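S.K.:
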Amino acid sequence: GEKLIDLSIKGMTCAGCVSSIEKAIAQVPGVLSSSVDLMNGAARIHLNEDVDDLNSVEHQLIIKISESGYEAIALD
Ligand code: 9UX
82 GEKLIDLSIK GMTCAGCVSS IEKAIAQVPG VLSSSVDLMN GAARIHLNED
132 VDDLNSVEHQ LIIKISESGY EAIALD
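When we follow full-length UniProt numbering, the leftmost residue of the sequence shown carries the number 82, and every step to the right adds one.
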């Protein structure tokens, strides 16, 4: 099936925050696309089917988002 990662994100307050987070997410290898929801404080990330280690990608996403100034939390 399709590979997805859902994250909770704290600290977003405007569309510029959404844009910054989408750019951070796009830097992580294996990411195909993302949708970041400002009102719900959430991000859904679609991964390439050939990604084997979802936990590793999730960890890298959390780091990149953190470096952008927001807090990402894994949901599971
Ligand atoms: Mo908007 Mo977000 O001007 O840090 S970009 S509040």
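Quick reminder that beta carbons are idealized off the backbone N, C-alpha and C, glycines included.
Predicted model, so just to flag it, every value in this text is computed and none were measured.
Can you list, in chain order, the residues of its chain with a C-beta nearer than 6 Å to that of Leu88? Leave out the 5 residues immediately preceding and following it.
M.R.: Excluding residues within five positions, the ones whose Cβ falls inside 6 Å are Ala124 and Ala153.
S.K.: Would you kindly report the start and end of the unbroken alpha helix (DSSP H) that includes Ser101?
M.R.: Where Ser101 is concerned, the enclosing alpha helix (DSSP H) stretches over Ala96 to Ala107.
S.K.: By how many angstroms is the C-alpha of Glu148 removed from the C-alpha of Met93?
M.R.: Whole-angstrom Cα-Cα distance: 14 Å.
S.K.: Please tell me whether, using a cut-off of 7 Å, the distance from the CB of Gly82 to the nearest non-hydrogen atom of the ligand 9UX is below it.
M.R.: No, Cβ of Gly82 sits at least 7 Å from all heavy atoms of the ligand 9UX.
S.K.: Look at the alpha carbon of Ser131 and the alpha carbon of Lys84, and state the distance between them as a whole number of angstroms.
M.R.: For clarity, residue 131 is Asp in the given sequence; the question names Ser instead. Spanning the two alpha carbons is a distance of roughly 9 Å.
S.K.: May I ask you to report which of helix, strand or coil DSSP gives Leu156?
M.R.: If DSSP states are grouped into helix, strand and coil, Leu156 belongs with coil.
S.K.: Which two residues bound the contiguous alpha helix (DSSP H) that contains Val138?
M.R.: Start and end: Leu135 to Glu148.
S.K.: With a threshold of 7 Å (Cβ to nearest heavy atom), would Gly97 be considered close to the ligand 9UX?
M.R.: Yes.
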